[in-house]
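Numbering (our numbering), first residue to last: 648 to 715.
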């Protein structure tokens, strides 16, 4: 799925929520801190990680392509 940026970047937790992969910011925080989310093929445990055009997020079998 593609997630279109409204600004220069979106934070990882916000991206998961915007894509409908988690129900709340708290859920996003938990799955990110538990190491269940990958950004560009590597586990990232920073909920505030800034995502830019071209970044790819993977979680629970779903892939989000960040589009500028």
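Note that the Cβ used here is the ideal one computed from N, Cα and C, for glycine as well.
Residue range of the alpha helix (DSSP H) that residue 678 falls in? Residue numbering aside, residue 678 sits at position 31 when the chain shown is read from its first letter. Counting along the chain, the alpha helix (DSSP H) containing residue 678 begins and ends at 672–680.
So what does residue 709 bridge to, in DSSP terms? In the chain shown, the residue the question calls residue 709 occupies position 62. Residue 709 pairs with 706.
Got a sec? Which residues, its chain only, sit under 7 Å from residue 672 by beta carbon, not counting five neighbours each side? In the chain shown, counting from the first residue as 1, residue 672 sits at position 25. Residues 660 and 664 of the same chain have their beta carbon placed closer than 7 Å to that of residue 672, with the five preceding and five following residues left out of the count.
Roughly how many whole angstroms lie between the Cα atoms of residue 669 and residue 684? As a working note, residue 669 is residue 22 in the chain shown. As a working note, residue 684 is residue 37 in the chain shown. Looking at the two C-alpha atoms, the distance is approximately 12 Å.
Give the C-beta separation of residue 692 and residue 703 to the nearest angstrom, bearing in mind that I take them to be a contact with Cβ-Cβ under 8 Å. Position 45 of the chain shown holds residue 692. Position 56 of the chain shown holds residue 703. Their Cβ separation, rounded to whole angstroms, is 17 Å, which puts residue 692 and residue 703 out of contact at 8 Å.
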